[in-house]
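Quick notes on the structure that follows.
Chains as they are written, first to last, in this note's numbering: chain A, 642 to 1029; chain B, 642 to 1029.
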């Protein structure tokens, strides 16, 4: 097992009607002037935003508002948020929404305490501080409610890039599964796929003898596999929504990933895909992950066999472990298909002739991507081709 | 799933030689005058204490020392620690040792900021504040390095009682698996049993549809079952020690227990046992747990069957689930026996004729203990008898 640090100081407030505690929580974490950040009108129409505002007002907390975050959140709105925050001396960013809103809020939190261009942090500049962020999660997927990460797409070139630091872990996150019940099946499924990817990107590792994190990863995957179909057939199944919601957090706050090398090549390749076509992140992952798995399988056939047996309940073929390994990948494809997800380029609206563009935008040059297998530009091209 | 809060703000610093970062970490968390708290001479003899002191000195941090913590830590030393802390204006307690040392340090941290008797908090007084505690863990078992709990035995009557609050979660915990390699097999085994108990006390619940925490619990148990025997046969197996060490933390920081009722009756009954005989906590649990399981089995046969199948790999007897359930309990007994642990009173040095005393000390009266099954005094007596 590798040496590691693990720090997940977020205060999680989970369950029914917990959003009514927002004001109290902002106060607890030192907020006095809040920027409420959200996406589309759904949080307005559902009355959630009103409940949140009431809770803030009841606690005597001043707030400004900025809506309009889109999936694959853009730099333009981040610049606007930073401007408001600086002008109004905002000291707390409150994200009401899914991963995109939270990621955008984290970017604003970074940029408000920085004199330069916030995008610097997404180009590798070292992060030192950020305003505290609180979240009220309405979509189980990205894990941003407990993670140290944020992903933003810059409108100049549609570059999708990530920034990571412990100061970006939310001060508090309110997780009310009821808020996720109105989600359409497609978005629910995208969320499940995203969560599974967060686990699998930690699972496929060259680090040996990490049984505890292997088992935690497998446990989270098994839960998602058990609960996601329940939600698809009954969107109001509170317990299934609740299980998915906690799974989504644990999948990405790194409890299940410490002490081992992880591999984010699939995520990176998907970022190029959703950057170019503006498809849902989860849908892009559903297409890219099996292609990546098939391509890197030979790196550790037994690990893929373990995945097949422990996660998908495949019977181990002791004469031919590769057969079992391939069966695991096939089961993954069947599962995400059963959720209504695409598993090939065409289903996504992506085109084979764009592959050179995707490879070029990834901007690898002579560098490599990933760690389980270090992928060259040529490798990436082949993986995109496998996804066609 | 039940509503819950989850807050585990401890900064975990895991791996080889990480104790050399102690000074830096104390500084990061605001400590300027430290009380180093430890147990027997082993941390002195091994040179660990010297390395820790050097790290503090290098960081310019003043410290006092208080050794002598014993297993099932006593109130007497806590009073002494509080006196030192108050006299010397200590602002940070540093525990170097296992769960007993950490629990004792937490008690000192509580008492230093309180004018009354620290024992009040172990008798139900509401906790509001405590000095920050840092830990350097040398024994994987109690999970106190990440938990909100502390258990102290009062010398007046040998009462063993717990106190719990989020302010008792350590500010940082250094987990270096190498430090656990010198542990004798008996203590290692006791640790594994304690960790398993922390998981099982969360696992056996009346809360329905908590798949994610079920699966996390099972994953942790599977890891311990896989790794503990490796450590018993090769005490210097770093990776196995490391897996156990992270499992011990996750088992008890509540990641795997949120959203569900848990049941601590076995722990409570063991407390009476180790209070009276001063046996190792893990050894007492190895005896009490199977007795408790057999007694409460009928409450939810299918949950015990799930435990047998998923954790112990038993084949499900669909005609007779109770048979499978009992097989799981048997496998647990076989496993802890294989680690050299006692599973009956006699092996522990406990006596059937003391059962009335054990029941009386528990002090239930007309109250009940536990939640999976609410146990009366009569139930407890029967469970102790099953353990004979």
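Think of the CB as a built atom: it goes at the ideal place given N, C-alpha and C, for glycine as much as any other residue.
- Separation of the CB atoms of residue 796(B) and residue 743(B) is rounded to 20 Å, and the pair is thereby denied contact status at 8 Å.
- Neighbourhood of residue 901(A) in chain B, by CB distance below 8 Å: empty, with the nearest CB roughly 11 Å away.
- Residue 789(B) places its beta carbon 8 Å or farther from that of residue 906(B).
- Pairing residue 852(B) with residue 862(A), the inter-Cα distance amounts to about 11 Å.
- Scanning 822(A), 952(A), 774(A), 715(A) for the CA closest to the CA of residue 726(A) turns up 774(A).
- In this structure, 916(B) is the residue among 955(B), 916(B), 920(B), 926(B) with its C-alpha nearest to the C-alpha of residue 794(B).
- Secondary-structure assignment with DSSP links residue 1010(B) through a beta bridge to 1016(B).
- Contact of residue 888(A) with chain B by beta-carbon distance below 8 Å involves 853.
- Proximity of residue 896(A) to chain B, defined by a Cβ-Cβ separation below 8 Å, is satisfied.
- Beta-bridge partners assigned by DSSP to residue 646(A): 654(B).
- With respect to chain B, the C-beta atom of residue 646(A) has a partner C-beta closer than 8 Å.
- Taking 8 Å as the CB threshold, residue 751(B) stays off the interface with chain A.
- Residue pairing by DSSP places residue 679(A) opposite 737(A) in a beta bridge.
- Every unbroken stretch of the alpha helix (DSSP H) spanning 4 or more residues and falling wholly within the region 699–730 of chain B is given here in chain order: 716–728.
- Under the three-state reduction of DSSP output, residue 802(A) falls in the strand class.
- Using a CB distance cut-off of 8 Å, residue 880(B) counts as an interface residue toward chain A.
- For residue 883(B), the closest Cβ of chain A is nearer than 8 Å.
- With fewer than 16 other Cβ atoms from the protein chains shown falling within 10 Å of its own Cβ, residue 687(A) counts as exposed.
- For residue 795(B), the enclosing beta strand (DSSP E) starts and ends at 790–795.
- Counting C-beta pairs with one atom in each stretch, the region 676–684 of chain B and the region 646–660 of chain B have fewer than three that are closer than 8 Å, which means they do not touch.
- Per DSSP, the continuous alpha helix (DSSP H) segment holding residue 914(B) begins and ends at 906–918.
- Contact annotation: residue 741(A) and residue 711(A) have beta-carbon atoms nearer than 8 Å.
- For the region 650–682 of chain B, the set of positions with a beta-carbon nearer than 9 Å to some beta-carbon of chain A reads 650, 651, 652, 653, 654, 655, 656, 657, 658, 659 in chain order.
- For the pair of segments examined, the region 795–813 of chain B was found not to touch the region 834–851 of chain B: the number of CB pairs separated by less than 8 Å stays below three.
- Among the residues facing chain A, residue 860(B) is included, as its CB has a counterpart in that chain under 8 Å away.
- For the pair residue 934(B) and residue 946(B), the CB atoms are not nearer than the 8 Å cut-off.
- The shortest C-alpha to C-alpha distance from residue 729(A) to any of 895(A), 706(A), 932(A) is the one to 706(A).
- Residue 746(A) has its alpha-carbon roughly 22 Å from the corresponding atom of residue 701(A).
- Counting along the chain, no beta strand (DSSP E) covers residue 979(A); the unbroken alpha helix (DSSP H) around it starts and ends at 962–979.
- For the pair of segments examined, the region 865–884 of chain A was found not to touch the region 866–879 of chain B: the number of CB pairs separated by less than 8 Å stays below three.
- Note on geometry: alpha-carbon atoms of residue 717(A) and residue 696(B) lie some 47 Å from one another.
- Residue-level contact check: residue 706(A) does not touch chain B, since none of the beta carbons of chain B fall below 8 Å from its beta carbon.
- At a cut-off of 8 Å between beta-carbon atoms, residue 774(B) makes no contact with chain A.
- Taking 8 Å as the cut-off, the Cβ atoms of residue 883(A) and residue 889(B) do not count as close.
- For residue 824(A), no chain B residue has a Cβ inside 8 Å of its Cβ, as the nearest lies near 18 Å away.
- If you draw a 10 Å sphere on the C-beta of residue 830(B), you find 16 or more other C-beta atoms in it, and that means buried.
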